[in-house]
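Numbered according to the working numbering, the sequence shown spans residues 3 to 328.
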Amino acid sequence: MASKLTKPGLLKNVVQRSYGAQAATQQTSYTLPQHQPQVTSLPSGVVVASQENNSPVSRVAVLFKAGSRYEGPNHLGASHMLRTCVGLGTNNTTAFSITRSLQQLGGSLEAEGGREHILYGLEVIRDNLDGGLELLGEVSTQPSFKTWEMKDNLRRVKTELALREPSTLALEMLHKAAFRNTGLANSIFVSDFRLGKLSSDMLKDYVAQTHQAGRMVVVGLGVDHSALVNYAKGLSVGAGDGPAGASVYGGGELRHESDAPISVIAVAGSGASLGSSDAAALAVAQHILGVGPSVKYGSNASSALAKAVAGSGGSGNPRLTKGLRS
């Protein structure tokens with residue numbers, strides 16, 4: 003007579019109980035090292051800042067003081083065109099090569115701009131950082147502005163102009179009224195009458211005036227600082243500080259008639275610079291007016307500005323009220 007212990011089901015249970023009685027493997031803990039931000043000012047005037055965050059993705063940005071406030075009469079709209087031309091052909095490579103290389107590296111390029119600065123940004127897998135930095139240097143310092151590429155790019159520019167929100171247009175008009183005939187009055191968007199009028203030579207001249215070492219900052223996140231410093235030293239930019247772009251507050255009023263279903267009103271007054279002793283007080287006043295998100299029952303609904311609008315006999319919609327400071 004066969005023993006019951008030889009049956010498969012019983013042996014399986016014994017094995018399972020044996021594994022269950024084993025001691026758990028001791029867990030080891032490891033804390034990633036913390037790094038402090040590092041800043042280096044090069045003799046040429048370039049400022050390099052970085053911080054190691056142990057991320058598998060590195061982010062690097064090259065920033066120039068080349069915003070719309072530095073546009074002269076012959077360069078109105080140039081900063082907008084620079085933003086939209088990122089990724090097009092350069093002096094040493096083509097748009098197709100840039101796009102294909104980014105795909106292979108697992109990276110992306112972007113450009114942002116305002117009245118003060120233009121930023122060229124790179125995000126790439128850390129292991130492929132060297133190849134990504136080469137492309138970033140090309141698009142930020144070696145644009146070629148080929149005539150046929152700029153002509154094809156006009157369609158994108160027209161689309162951006164058509165998609166602007168009424169609140170965005172109101173802020174543009176606000177700056178135009180506040181800083182009449184000075185740099186800050188220039189719009190961050192190219193005007194309709196300037197479309198197709200900015201030639202390749204005009205854009206190259208604007209880059210030569212504004213993309214200079216004394217107006218340049220290189221910032222990295224998830225990169226080695228010494229390597230970033232060496233990279234900044236190798237970028238091909240001219241020496242000097244370029245135009246100052248001084249602006250004086252004047253004040254005034256501008257109106258634009260349209261058939262929009264809502265009215266957008268922007269009111270502003272003279273402020274203070276970031277380094278002024280009044281900057282902190284203005285920041286507090288900004289938050290008292292309301293800077294919260296556009297949520298119906300959010301914190302911005304009870305702000306001083308929202309309550310004033312609600313009590314004035316208007317719609318009182320708090321999501322349309324916000325305090326801004328620039």
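Just so you know, even glycine gets a beta-carbon here, dropped at the ideal spot from N, CA and C.
Distance between R117 and A310 (C-alpha atoms, nearest Å)
Here residue 310 refers to the residue found at position 308 of the sequence shown. Here residue 117 refers to the residue found at position 115 of the sequence shown. A310 and R117: Cα-Cα distance of roughly 30 angstroms.
Less than 7 angstroms between the C-beta atoms of G216 and G240, yes or no?
One-based indexing of the sequence shown puts residue 216 at position 214. One-based indexing of the sequence shown puts residue 240 at position 238. Against a cut-off of 7 angstroms, the Cβ pair of G240 and G216 comes out as no contact.
Provide the residue span of the beta strand (DSSP E) that contains R158, from first to last.
Here the question's residue 158 lines up with position 156 in the sequence shown. Counting along the chain, R158 falls outside any beta strand (DSSP E), though it belongs to the alpha helix (DSSP H) covering 149-164.
Our contact map puts L44 next to K235 with C-beta atoms below 8 angstroms; I'd like the distance itself, whole angstroms only.
On the sequence shown, residue 44 is found 42 positions in, with the first residue counted as 1. On the sequence shown, residue 235 is found 233 positions in, with the first residue counted as 1. About 6 angstroms separates the two Cβ atoms, so the contact holds.
Is S142 near the ligand FMN - that is, is its Cβ less than 6 angstroms away from at least one heavy atom of it?
With respect to small molecules bound, the structure shown includes none, and the ligand FMN cannot be examined in it.
Taking just the CA atoms, how far does V225 sit from H82?
Here the question's residue 82 lines up with position 80 in the sequence shown. Here the question's residue 225 lines up with position 223 in the sequence shown. The straight-line gap from Cα to Cα measures roughly 29 angstroms.
Give the range of the alpha helix (DSSP H) segment to which F98 is assigned.
Here residue 98 refers to the residue found at position 96 when the sequence shown is read from its first residue. Here the alpha helix (DSSP H) through F98 covers 97-107.
Around the C-beta of Q106, are 16 or more other C-beta atoms found within 10 angstroms, so that it is buried, or is it exposed?
Here residue 106 refers to the residue found at position 104 when the sequence shown is read from its first residue. With fewer than 16 Cβ atoms within 10 Å of its Cβ, Q106 is classed as exposed.
Are there 16 or more other CB atoms within 10 angstroms of the CB of V330, so buried, or fewer, so exposed?
Outside the modelled stretch of the chain, which goes from 3 to 328, sits residue 330, for which no answer is possible.
Measure the alpha-carbon distance for A180 versus F191 and round it to whole angstroms.
Residue numbering aside, residue 180 sits at position 178 when the sequence shown is read from its first letter. Residue numbering aside, residue 191 sits at position 189 when the sequence shown is read from its first letter. Distance between the alpha carbons of A180 and F191: 17 angstroms.
If you measure from the beta carbon of E167 to each beta carbon in chain C, is any gap under 7 angstroms?
The displayed structure is made up of one protein chain only, and chain C is not part of it.
Contact set for N93: own chain, Cβ-Cβ below 6 angstroms, skip 5 residues either direction
Numbered from its first residue, the sequence shown carries residue 93 at position 91. Only Q144, S146 meet the Cβ criterion.
Could you check where the beta strand (DSSP E) with S60 kicks off and where it finishes?
In the sequence shown, counting from the first residue as 1, residue 60 sits at position 58. 59-66 is the span of the beta strand (DSSP E), which, as asked, contains S60.
Cα separation between L256 and F98?
Counting from one through the sequence shown, the residue named residue 256 turns up at place 254. Counting from one through the sequence shown, the residue named residue 98 turns up at place 96. Inter-residue distance for L256 and F98 is about 44 angstroms (C-alpha atoms, whole angstroms).
To the nearest angstrom, how far is the alpha carbon of N188 from that of E174?
Residue 188 sits at position 186 when you count from the first residue of the sequence shown. Residue 174 sits at position 172 when you count from the first residue of the sequence shown. Answer to the nearest angstrom: the Cα atoms are 8 angstroms apart.
Between S142 and K178, what straight-line distance do the alpha-carbon atoms span, to the nearest angstrom?
Here the question's residue 142 lines up with position 140 in the sequence shown. Here the question's residue 178 lines up with position 176 in the sequence shown. Cα-Cα distance, rounded: 28 angstroms.
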